[in-house]
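Residue numbering for the sequence shown is 5 to 144, as defined by the working numbering. Note that CB positions come from ideal geometry on N, CA and C, so glycine has one too. Following: one structure in structure tokens, then a few remarks.
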Amino acid sequence: MSSLDGLYDLAEEENIEVLAVSLPIIGAVSAMRQSGKCYIGIDPFCLETSSDECVRLAHELGHCVTGSFYNIYAACDIRAKHEYAADKWAIKKLVPEDELEEAVKHGFTESWELSEYFDVTVPFMQKAMSYYKEQALGRL
5 MSSLDGLYDL AEEENIEVLA VSLPIIGAVS AMRQSGKCYI GIDPFCLETS SDECVRLAHE
65 LGHCVTGSFY NIYAACDIRA KHEYAADKWA IKKLVPEDEL EEAVKHGFTE SWELSEYFDV
125 TVPFMQKAMS YYKEQALGRL
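Right under this line is the structure:
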């Protein structure tokens, strides 16, 4: 499980600049220059909680770390593929499978309980639970 500070530290280690910018419609964005340098923009006025900031930052870091970028002209299936890669990275970073299993063993079973435990949003926790459920089915 990564903390918000840990994510900002990772961005710094990876030489990814995180900037406060006005993004009232989308809230956060990541981009890579031709040189390979990544930037993340987050609109602080779109953040409702520290959990929201953590989830948005992890998702955008996921784009940068995995190189999963697309342009505005990309087909929907290409966009979905890159968004999935960013989500997958964020899920593994914020809600590692072994830690999720341990939390469930300790009685945290509802998505809202788990979201509080991992300090992520409820929709993100539901996405993480779905992801790990799909992974478990794939191992059968």
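Runs of the alpha helix (DSSP H) spanning 4 or more residues and lying entirely within the segment 35–107 occur at 54–70 and 80–98, in chain order. About 7 Å separates the Cβ atoms of G45 and A32, confirming a contact at the 8 Å cut-off.
Put simply, the segment 88–97 does not touch the segment 114–121. Fewer than three CB pairs are less than 8 Å apart. Beta-bridge partners assigned by DSSP to E21: Y43.
Secondary structure note for P127: its alpha helix (DSSP H) is the uninterrupted segment V126 to G142.
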